[in-house]
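Numbering (our numbering), first residue to last: 2 to 177. Glycine included, C-beta positions come from ideal geometry on N, C-alpha and C. The block underneath contains the structure these notes are about, expressed in structure tokens.
Below is the structure:
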């Protein structure tokens with residue numbers, strides 16, 4: 002008597018294509034353990050209070066239990082960006098996009114990180130993929146910077162980054 006076991010990872014792999022085709026979100030918990038949920042709540046609280054270094058440490062703890070959480074990777078990337086660790090931030094934004102390809106805020110911050118790493122030309126392609134109708138100030142600033150960079154009359158990277166960061170602050174809650 003054969004026992005029918007369902008390999009959830011294979012099933013999710015196959016059904017994932019169907020979900021993407023139908024534009025459905027996968028159902029299920031966002032965090033894998035209750036302990037991670039508590040740590041994530043602490044990390045989110047620190048994130049909102051802009052305590053970047055402490056939040057970064059808490060998000061790292063969450064990654065120990067669930068490495069495939071795009072939100073945790075994105076927020077860890079923002080914490081790294083805000084503390085000036087641009088290379089590590091770049092890696093986290095890329096990982097978040099690998100997990101969830103349509104993560105718009107990750108495109109925004111990955112482009113911003115590329116500017117900070119003195120690669121404004123790479124930021125253009127990333128920012129062209131970014132779309133957030135709720136953050137009009139950010140969209141305007143990105144379009145302006147994209148145009149200036151493509152015409153070859155772009156500002157120095159520091160000025161570009163500061164202008165986009167200012168627009169992000171103006172957008173408020175529209176940016177994660």
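Can you look up residue i in the DSSP assignment and give me helix, strand or coil?
| i | result |
| --- | --- |
| residue 78 | helix |
| residue 136 | coil |
| residue 174 | helix |
| residue 69 | coil |
| residue 158 | helix |
| residue 29 | For residue 29, the pLDDT reaches just 47, beneath the cut-off of 50, and the residue's location in the model is therefore unreliable, although a value from the coordinates is still provided. Of the three classes helix, strand and coil, the one that applies to residue 29 here is coil, per DSSP. |
| residue 153 | coil |
| residue 52 | coil |
Have a look at residue i and residue j and give me their C-alpha separation to the nearest angstrom.
| i | j | result |
| --- | --- | --- |
| residue 149 | residue 46 | 37 Å |
| residue 164 | residue 121 | 13 Å |
| residue 104 | residue 133 | 11 Å |
| residue 42 | residue 78 | 17 Å |
| residue 161 | residue 100 | 28 Å |
| residue 156 | residue 88 | 22 Å |
| residue 116 | residue 54 | 22 Å |
| residue 81 | residue 127 | 19 Å |
| residue 168 | residue 140 | 9 Å |
| residue 92 | residue 106 | 15 Å |
| residue 84 | residue 145 | 26 Å |
| residue 153 | residue 125 | 12 Å |
| residue 64 | residue 90 | 15 Å |
| residue 48 | residue 86 | 16 Å |
| residue 67 | residue 38 | 11 Å |
Relative to the C-alpha of residue i, which candidate in the options has its C-alpha closest?
| i | options | result |
| --- | --- | --- |
| residue 57 | 106, 73, 163 and 155 | 73 |
| residue 158 | 78, 106 and 119 | 119 |
| residue 130 | 145, 102, 156 and 151 | 102 |
| residue 69 | 85, 169 and 96 | 96 |
| residue 109 | 177, 23 and 40 | 177 |
| residue 147 | 62, 83, 87 and 123 | 123 |
| residue 138 | 91, 107, 172 and 40 | 172 |
| residue 135 | 174, 170, 143 and 142 | 174 |
Taking 7 Å as the cut-off, is the beta-carbon of residue i closer than that to any non-hydrogen atom of the ligand GDP?
| i | result |
| --- | --- |
| residue 117 | No copy of the ligand GDP appears in this structure; indeed no ligand is present at all. |
Tell me the residue span of the alpha helix (DSSP H) that contains residue i.
| i | result |
| --- | --- |
| residue 112 | 105-117 |
| residue 130 | 121-130 |
| residue 194 | Within the shown structure, residues of the chain are numbered from 2 to 177, placing residue 194 beyond reach of any answer. |
Contact check, residue i vs residue j under 8 Å by CB: the rounded distance?
| i | j | result |
| --- | --- | --- |
| residue 60 | residue 44 | 5 Å |
| residue 98 | residue 113 | So it is not a contact: roughly 14 Å between Cβ atoms. |
Does the beta carbon of residue i come closer than 8 Å to any beta carbon on chain D?
| i | result |
| --- | --- |
| residue 86 | Of the protein chains in the structure, only one exists, and it is not chain D. |
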